[in-house]
């Protein structure tokens with residue numbers, strides 16, 4: 007046993023005073039689909055519905071063991087890390103000051119308040135996370151508090167590695183293959199450090215936040231110029247220095263980028279088929295199975311479902327993006343002749359499985375044509391081939407804007 011494995015197992019033991027081990031469940035649906043023995047490590051079933059509780063617990067218990075007088079803990083987070091810190095502040099009976107951006111959804115603020123109770127104070131500062139982080143660090147220095155990093159801290163990494171220690175105990179051996187989400191890198195650094203070369207790895211980042219891939223290419227952490235915040239639990243502009251030091255040996259080919267729209271199809275699949283609620287970051291590992299399908303056949307595979315803090319107000323957006331990715335929903339701008347019967351002529355070309363989901367028509371009397379924004383849903387993406395053929399046959403001009411992000415964000 008390595009020293010790191012020993013530390014991770016000690017952290018795992020300490021966690022049993024706070025919460026039970028999360029389940030390692032064989033998933034029959036995914037195992038059948040991919041011809042492998044696929045297990046889900048259900049971190050979405052922790053008391054705060056994410057693995058972040060582990061790092062907060064381990065870091066806080068170590069600080070308090072060294073200096074029992076430490077009683078003010080500070081963090082900056084708009085999500086799972088805030089909830090983990092709040093939960094542990096209440097458990098240890100210490101004061102927590104949690105800084106969140108002003109734009110944080112009320113649901114996340116409420117859950118943090120519930121977990122922390124009277125021990126936690128929430129401060130809403132800054133429109134962007136960088137401003138929130140700067141305010142948190144300045145306050146922490148002012149009151150001589152302890153700053154709790156969400157990922158770039160050895161004690162936090164060690165705490166996240168308890169996920170691997172539990173997998174080892176529950177499975178009885180190292181898995182053949184482990185699929186892990188990557189944001190700041192704390193979970194991946196911990197699990198990869200624990201299992202070492204005993205397992206093969208696939209690390210998955212959201213396509214709009216590939217900070218590990220960029221760091222591997224540059225040989226050091228670098229800040230991304232652009233960041234898509236849809237996968238909010240894993241969209242990190244720069245991977246941590248300490249986490250990267252533990253992941254720098256990873257083959258860049260083992261780091262995959264999952265398209266945000268495809269992740270939406272995985273969220274819906276797990277919800278509708280399995281009744282499992284996953285946030286976008288929590289679905290990353292399962293989503294990547296499609297990319298390694300041939301590699302994992304016949305093997306024992308563990309996917310870490312890292313979080314289930316999904317705000318159901320986002321469900322319409324998730325469904326929309328999933329439909330667009332699957333090709334069963336398209337948007338286009340149609341030039342409709344301004345003459346009697348033109349609209350009826352268009353409606354007649356719709357197939358039996360086609361449905362109009364959006365229709366906006368602007369008629370201008372000085373023009374021969376009007377512009378129509380149309381959204382069409384169908385049951386099979388192949389139906390659009392016939393639809394567009396019929397549209398061409400009657401001579402109507404149209405522009406497909408489904409994949410035009412600028413137009414789609416503005417119009418749809």
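Residue numbers (our numbering): 7 to 418. All residues carry an ideal CB built from backbone N, CA and C; glycine is no exception.
- Between the alpha carbons of residue 291 and residue 30 lies a distance of about 14 Å.
- Separation of residue 214 and residue 235 (C-alpha to C-alpha, rounded to the nearest whole angstrom) is 7 Å.
- For residue 44, the enclosing beta strand (DSSP E) stretches over residues 43-48.
- Straight-line measurement puts the Cα of residue 158 at about 20 Å from the Cα of residue 223.
- Bounds of the alpha helix (DSSP H) holding residue 275 are 266-275.
- Partner residues in the beta bridge of residue 80, as assigned by DSSP, are 103 and 153.
- In chain order, 69, 76 and 79 place their CB closer than 6 Å to the CB of residue 152, counting only its own chain and leaving out the 5 sequence neighbours on each side.
- Under the DSSP assignment, residue 210 falls in the beta strand (DSSP E) whose first and last residues are 206-212.
- Bridge partners of residue 18 according to DSSP: none are assigned.
- Beta-bridge annotation (DSSP): residue 130 is paired with 106.
- Residue 166 and residue 330 have their C-alpha atoms some 35 Å from each other.
- In the structure shown, residue 366 adopts extended strand secondary structure according to DSSP, grouped into three states.
- When only Cα atoms are considered, residue 344 and residue 366 end up about 14 Å apart.
- Boundaries of the beta strand (DSSP E) harbouring residue 377: 375-383, taken from the DSSP string.
- Under the criterion of beta carbons closer than 8 Å, residue 183 and residue 47 do not qualify as touching, at roughly 13 Å.
- Shortest Cα-Cα distance from residue 382 to any of 375, 389, 362 and 390 involves 362.
- Of the candidates 114, 20, 249 and 255, the residue whose Cα lies closest to the Cα of residue 71 is 20.
- For residue 187, the enclosing beta strand (DSSP E) has its first and last residue at 183-187.
- In the DSSP annotation of this structure, the continuous segment of the alpha helix (DSSP H) that includes residue 322 starts and ends at 321-332.
- Between residue 384 and residue 390, the gap from beta carbon to beta carbon is short of 9 Å.
- Judged by DSSP secondary structure, residue 311 falls within the beta strand (DSSP E) whose first and last residues are 306-311.
- Residue pairing by DSSP places residue 338 opposite 380 and 406 in a beta bridge.
- A direct Cα-to-Cα measurement between residue 177 and residue 43 gives close to 12 Å.
- When secondary structure is reduced to three states using DSSP, residue 13 falls in the helix class.
- Between residue 210 and residue 263, the C-beta gap is smaller than 9 Å, which places the two residues in contact.
- One Cα belongs to residue 204, the other to residue 249, and the distance between them is close to 20 Å.
- Excluding residues up to 5 positions away in sequence, 105 lie with their Cβ nearer than 6 Å to the Cβ of residue 129 in the same chain.
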